[in-house]
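The numbering of the sequence shown is UniProt numbering, which starts it at 1 and goes up by one. Heads up, the beta-carbon is just placed ideally off N, CA and C, and yes, glycines get one too. This one's a predicted model, so the numbers in the text were calculated from it and none came from an experiment.
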Amino acid sequence: MKKEKTRDMVALYNPGALAELPELMPNFNWQGFVATTGITELENLVVTQLDYMRELDPLSARPVLTPGSHI
1 MKKEKTRDMV ALYNPGALAE LPELMPNFNW QGFVATTGIT ELENLVVTQL
51 DYMRELDPLS ARPVLTPGSH I
């Protein structure tokens, strides 16, 4: 996203249902993420950087490296 667009509050305001997030990032475990936050009731949220989230999704499919796991 270009720097100018990061100041456009209308473009950044993307409300949606938690159930829709797997369409945006299918490789990310949204339910697991929300569970770790301690939030017990969450139906909607706002995603400000849609393009960033789409580009980030392939990284979610990669295994997590831990010290020594690459040896």
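Go to residue i, then tell me how far its alpha helix (DSSP H) extends in each direction, as first and last residue.
i	result
Ala11	Met9 to Leu12
Met53	Leu50 to Ser60
Leu24	Leu21 to Leu24
Cα separation between residue i and residue j?
i	j	result
Ala35	Asn44	15 Å
Val46	Pro67	34 Å
Leu65	Met25	20 Å
Checking the sheet assignment: what are the DSSP bridge partners for residue i?
i	result
Leu45	Gly16
Under three-state DSSP, which class holds residue i?
i	result
Thr6	helix
Val34	helix
Looking at C-alpha atoms only, which residue of the options is the closest neighbour of residue i?
i	options	result
Leu21	Pro63, Leu42, Leu65 and Val64	Leu42
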